[in-house]
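Here the structure is laid out as structure tokens; the discussion comes afterwards.
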Amino acid sequence: MGQSSDNFSDGNFTQNPAWNGDVSNFITNASNQLQSNGPNTTAIISLATPNILALNAEWTFYVEMNFNPSSSNYARVYLTADQQNLAGNLNGYYVQIGNRSDAIDLVKQSGTTNTRIIEGISNRVNTSAPKTRVKVTRDFEGNWTLAADTLGGTNYKPEGTGSDASFATSAFSGLSCIFTATRRQGFFFDDFEVKTANFQPPVPVNYKDVVITEIFPDESPRVDLPEKEFVEIFNRSTKDIKLGGFVFAD
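Quick note on our numbering: the sequence shown kicks off at 524 and runs consecutively.
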């Protein structure tokens, strides 16, 4: 899904783009949605599609479940992954819908270790049949935003922000359904899109871009000056420079 989309209106998920993985456990239904059709047992089923976008990116997608999610029945949508097999060890990021506090979370997966980057608002999908549209952005420096419309529309409300720059490349995006037997056909996905966002790349700072032009350590007696010690600095470049984190010391 490198700069691409899929709304399954062509009635399949095997081309334009091609999804691979547990293909026998999914169908495209009469509503042109991707629907789970898993085995009649507790299982995890997954699909993945190529995606190389990992920075300066925006992801949107729709997820519906015909049951109230729980710790045994929930969905993951992988934004980035370095492996096609989403059930195995991988490095990437996913949005989890359900499980923890009926929330929508952004999670980093490093091998088999999962770390929440954004903890969404509790009880957002605590309903009998949640319909959730999600929007995620990431800039060049690994700053993330997570938003969702839990009525399935595009009136996105913030779930939170976070920062993680661990993985800056991707090979795949995808989805996983984690379920018990009675929920095997209860997951519905639609309107996947990943595209380049409009963040500006960071501009490198050069030596002497910012210089000290005046120092007043102890201007006493006062001569038309405030009775304060101060340092004057000057931006010699044509760039806007954020001063957060600047330190002056002797």
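Even for Gly, the Cβ is constructed at its ideal location relative to N, Cα and C.
Close beta carbons around residue i, own chain, < 8 Å, minus the five adjacent residues each side
i           : result
residue 551 : 531, 534, 535, 536, 557, 558
residue 569 : 544, 545, 608, 609, 610, 697, 698, 699, 700
residue 539 : 529, 533
residue 575 : 525, 692, 693, 694
DSSP three-state assignment for residue i, whether helix, strand or coil
i           : result
residue 573 : strand
residue 623 : helix
residue 706 : helix
residue 778 : Residue 778 lies beyond the range of the chain shown here (524 to 773); nothing can be said about it.
residue 594 : coil
residue 633 : strand
residue 765 : coil
Alpha carbon of residue i to alpha carbon of residue j, nearest angstrom
i           : j           : result
residue 717 : residue 692 : 14 Å
residue 760 : residue 643 : 40 Å
residue 561 : residue 683 : 32 Å
residue 772 : residue 766 : 15 Å
residue 678 : residue 704 : 33 Å
Residue i - containing beta strand (DSSP E), residue span
i           : result
residue 659 : 654-661
residue 545 : Neither: residue 545 is in no beta strand (DSSP E) and is coded neither H nor E.
residue 732 : Where residue 732 is concerned, there is no enclosing beta strand (DSSP E), given that its DSSP letter is neither H nor E.
residue 529 : 527-529
residue 557 : 557-559
residue 681 : 680-686
residue 583 : 580-588
residue 757 : 753-758
Residues of its chain near residue i, where Cβ-Cβ distance is below 6 Å and the 5 sequence neighbours each way are ignored
i           : result
residue 553 : none
residue 635 : 612
residue 706 : 590, 596
residue 622 : 594, 597
residue 756 : 733, 735
residue 660 : 581, 668, 720
Spatial neighbours of residue i in its chain, beta-carbon cut-off 7 Å, leaving aside the 5 residues before and after
i           : result
residue 665 : 686, 687, 688
residue 774 : There is no way to answer for residue 774, as the model of the chain reaches only from 524 to 773.
Contact test: residue i Cβ vs the ligand ATP heavy atom, cutoff 7 Å
i           : result
residue 735 : Within the structure as shown, the ligand ATP is missing, as the structure has no ligands at all.
Is there contact between the region 667-681 and the region 646-659, where contact requires at least three CB pairs shorter than 8 Å? Yes, the region 667-681 touches the region 646-659.
Looking at C-beta atoms only, is the number of pairs between the region 587-599 and the region 722-734 that lie closer than 8 Å three or more? Not touching, per the Cβ criterion.
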